[in-house]
Amino acid sequence: MANDDQEKPLTPATKPYVPVITVDEELSFELRKQHKGFRNRTICCGIITAIVLIISVVMLVLGFTVLHVKNPKIKMNSVTIIGLNQVNSSELLASDANVTVIADVSIKNPNVAAFKFEKPNSSLSYRGSVVGVADVPSGVAKARRTMRLNVTFVVRVAEIAGKQEFVGDLTAGMLPVESYTKIDGRVKILNTVKRKVAVTMNCSISVDVTSQQILSQRCKKHVSV
75 MANDDQEKPL TPATKPYVPV ITVDEELSFE LRKQHKGFRN RTICCGIITA
125 IVLIISVVML VLGFTVLHVK NPKIKMNSVT IIGLNQVNSS ELLASDANVT
175 VIADVSIKNP NVAAFKFEKP NSSLSYRGSV VGVADVPSGV AKARRTMRLN
225 VTFVVRVAEI AGKQEFVGDL TAGMLPVESY TKIDGRVKIL NTVKRKVAVT
275 MNCSISVDVT SQQILSQRCK KHVSV
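Residues in the sequence shown are numbered consecutively from 75, following this note's numbering.
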């Protein structure tokens with residue numbers, strides 16, 4: 075009984091199990107973590123690089139196609155002289171005698187945006203002297219369209235009759251004239267690409283007085299930006 079009355083020793087409290095991580099396992103875990111982070115960064119960088127390349131290719135293609143500003147083209151189609159056949163020899167030196175010269179000019183715009191141009195500067199010369207200046211309003215050549223302009227010159231006969239070659243040219247039925255046309259404008263694409271263009275055309279034209287057809291034409295064109 076004495077033994078039974080003695081207190082039994084208490085069972086030591088059970089401590090929670092703590093896994094023991096060795097240095098090698100900790101290093102391996104850290105390496106795997108770093109490798110995973112490196113792989114994620116590599117994938118992210120690859121995606122960003124691919125997006126940048128795609129955008130660059132798209133912009134390059136647009137730059138050579140849609141966003142590429144092409145030079146407008148100007149062409150002299152025909153010249154019509156009104157009133158010359160009604161001027162007789164006695165009226166050649168009259169101050170009130172005049173003729174009207176109408177030049178049919180085409181402006182071709184090959185761009186995907188409109189070509190807006192200011193008031194053109196156009197003049198007509200005969201034997202080296204300016205005999206007429208045209209008053210042409212500003213306008214807009216629509217995208218990928220050809221615009222026709224009638225450039226009208228009112229020429230006083232007295233300004234050209236003083237040339238000793240005039241009577242001979244009139245008798246021969248062939249009138250040599252020179253025209254000068256300069257058009258300043260701009261092309262704006264998507265409000266991002268803007269370009270100012272100046273188109274100049276100098277033409278030497280031989281016109282049949284009777285039929286009013288162009289017998290020969292030599293034009294020099296120049297585009298400046």
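All C-beta atoms, glycine included, are put in the ideal place defined by N, C-alpha and C.
Just mark Gly236 as buried or exposed, buried being the case when its beta carbon has 16 or more other beta carbons within 10 Å.
exposed
Where Val207 and Ala124 are concerned, what is the direct C-alpha to C-alpha distance, given to the nearest angstrom?
A straight-line Cα-Cα distance of about 59 Å links Val207 and Ala124.
Going along the chain, which residues of its own chain have a beta-carbon closer than 6 Å to the beta-carbon of Ser197, five neighbours each way excluded?
Taken in chain order, the residues that qualify are Val204, Val207 and Tyr254.
Considering Cα atoms alone, identify which of Arg260, Val210, Arg115 and Ser278 is closest to Val22.
Only positions 75 to 299 of the chain appear in the structure, and residue 22 is not among them; the question remains open.
Comparing C-alpha positions only, which one of Ile117, Asp258 and Gly120 sits nearest to Arg269?
Put simply, of Ile117, Asp258 and Gly120 the residue whose alpha carbon is nearest the alpha carbon of Arg269 is Asp258.
Apart from the five residues just before and just after Cys119, which ones in its own chain have a Cβ nearer than 7 Å to its Cβ?
none
Go ahead and pull the three-state DSSP assignment for Arg115.
helix
To the nearest angstrom, how far is the alpha carbon of Lys295 from that of Ile121?
49 Å
Which runs of the beta strand (DSSP E) spanning at least 3 residues fall entirely within the region 183-239, listed in chain order?
189-191, 195-200, 203-208, 213-215 and 219-230
Kindly indicate which three-state DSSP category Leu289 falls into: helix, strand or coil?
Here Leu289 sits in strand by DSSP.
On a Cα-Cα basis, can you pick out the residue from Val143, Arg201, Leu223 and Cys277 that is closest to Gly299?
Inspection of the sequence shows that residue 299 is occupied by Val rather than by Gly. The option with the nearest alpha carbon to Val299 is Val143.
Could you tell me if Ile279 is buried or exposed, where buried requires 16 or more neighbouring beta carbons within 10 angstroms of its beta carbon?
buried
Which residue or residues does DSSP assign as beta-bridge partners of Ile257?
Val273
Only counting the same chain, and skipping five residues up and downstream in sequence, which positions put a Cβ closer than 6 Å to that of Ala272?
Asp258 and Ser298
Candidates Tyr200, Met150 and Glu192, of which the one nearest Leu244 by Cα:
Tyr200
On the three-pair Cβ rule with 8 Å, is the region 281-290 touching the region 206-221?
no
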